[in-house]
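The UniProt record's numbering numbers the first residue of the sequence shown as 1 and each following residue consecutively. A virtual CB, placed ideally from N, CA and C, is assigned to each residue, including glycine. Since this is a predicted model, take the numbers as computed values, not measurements. Contents: one structure, followed by commentary.
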Amino acid sequence: MDNETKFMITCMLFAAICSSASSDEWKATVVKSIDALVTSCVVLPCSFSHTGGNLPSSRLRGIWHEKDGTKRNIYHEDPTLIKDNFKDRTKMLGELSQNNCTLEITDVKVHDNGPFCFRVELVRTENNDPTKDKFSFVEDCVELNMLTEPPKPTVIKLQTATKGEPYTVTCSVIHTCPTHVPKLTWNHDSAKVTVHHKDIKQGNWETQSILTFIPEEDDNREITCTAEFNGGLKSSFTFTLHVKRIENYNHIIIPAVVGIGTALLFGIPCILMANKYKNRIAELQNQEGTMWNRLSRLSRR
1 MDNETKFMIT
11 CMLFAAICSS
21 ASSDEWKATV
31 VKSIDALVTS
41 CVVLPCSFSH
51 TGGNLPSSRL
61 RGIWHEKDGT
71 KRNIYHEDPT
81 LIKDNFKDRT
91 KMLGELSQNN
101 CTLEITDVKV
111 HDNGPFCFRV
121 ELVRTENNDP
131 TKDKFSFVED
141 CVELNMLTEP
151 PKPTVIKLQT
161 ATKGEPYTVT
171 CSVIHTCPTH
181 VPKLTWNHDS
191 AKVTVHHKDI
201 KQGNWETQSI
211 LTFIPEEDDN
221 REITCTAEFN
231 GGLKSSFTFT
241 LHVKRIENYN
251 HIIIPAVVGI
261 GTALLFGIPC
271 ILMANKYKNR
281 IAELQNQEGT
291 MWNRLSRLSR
301 R
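Set out below in structure tokens:
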């Protein structure tokens with residue numbers, strides 16, 4: 001192998017290594033697939049790394065586009081470069097200077113299924129034109145699973161409530177729209193309600209409503225938890241409350257106590273009188289025995 005061939009092979013290997021190292025520095029982390037409720041909103045979690053080091057947001061431009069065309073933008077800082085059917089419906093929630101490229105899509109349409117990819121560009125400060133440092137993460141795109149019906153709430157409850165004792169019911173619903181969370185309501189009035197929101201990762205969030213009330217004996221009614229999603233769609237879960245009476249044993253306890261009291265009231269004097277009568281009979285028997293003994297001694301004389 002001559003020197004020229006060796007040199008060419010070395011250059012090719014060096015170029016391959018550099019290319020690999022460079023591509024490793026451009027990374028995006030997204031959720032590959034996420035549910036999106038039609039008419040509501042969806043938030044696409046996204047983070048990225050780039051070759052520019054720590055740059056101010058003024059040097060970074062974030063773009064979201066359809067996978068089959070980098071010019072088919074669903075988000076761009078210049079609204080004139082966004083596809084008509086996505087105008088006024090997309091918003092960058094993340095701070096690019098913090099490598100956060102999270103995107104919000106509102107008023108979700110049936111055709112918003114994607115896949116959608118993020119693109120980052122380093123721009124010149126003086127005229128905002130892109131530099132050669134730009135990258136589209138077409139291998140890390142997001143596809144939307146379109147939901148035309150809202151998910152039903154999940155209810156956790158005890159099978160039976162007890163009259164006069166606090167009863168708690170938990171209603172929760174999973175969603176992908178943390179910027180416009182679903183509203184959970186109950187058809188029960190005089191009650192305490194606590195609401196929580198929780199990030200359960202992978203772009204999914206949980207809204208939870210905890211209902212606490214004290215049921216009455218005649219409280220066997222239907223209780224409904226309704227979830228209203230951004231955009232107006234609703235779903236609900238209904239169950240019938242069964243209230244258990246607290247057993248009252250007064251009809252047994254009171255007569256028994258009265259009986260015992262009566263027995264004690266009249267029984268003790270009777271026992272004392274019986275003992276006194278018994279002792280008196282014993283005294284008379286002793287006296288009678290003494291008299292017969294005396295008579296027996298007199299007769300023998």
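Within 8 Å, do at least three Cβ pairs link the stretch 58 to 71 to the stretch 187 to 202? no
Can you tell which of GLU77, ASP107, SER49 and TRP26 has the C-alpha that lies nearest to the C-alpha of CYS177? ASP107
Could you give the uninterrupted runs of the beta strand (DSSP E) lying entirely in the stretch 85 to 140, keeping only those of 3 residues or more? 90 to 92, 103 to 105 and 116 to 123
Just verifying my parser: in three-state terms, what is the DSSP assignment at ARG245? coil
Nearest residue (CA-CA) to PRO115, options VAL142, ASN73, PHE137 and HIS242: VAL142
PHE14 - DSSP class collapsed to helix/strand/coil: For PHE14, the predicted structure reports a pLDDT of 37, less than 50, and the residue's modelled location is therefore unreliable. The matter cannot be settled from this model.
Helix, strand or coil for ARG59? Go by DSSP, reduced to three states. If DSSP states are grouped into helix, strand and coil, ARG59 belongs with the helices.
Just the C-alpha distance for LYS234 and PRO166, rounded to the nearest angstrom, thanks. 29 Å
Quick check on ASP112: buried or exposed, where buried means 16 or more other Cβ atoms within 10 Å of its Cβ? The residue in question, ASP112, is buried, as its Cβ has 16 or more Cβ neighbours within 10 Å.
Considering only their Cβ atoms, is the gap separating ALA36 from VAL42 smaller than 7 Å? Going by C-beta atoms, VAL42 is nearer than 7 Å to ALA36.
Nonlocal neighbours in the same chain, by C-beta distance under 6 Å from LYS91, ignoring five residues either side: GLU104
Reference LEU158; option with closest CA among ILE223, CYS101, SER136 and SER97: ILE223
Taking the beta strand (DSSP E) that ASP199 falls in, what are its first and last residues? 192 to 199
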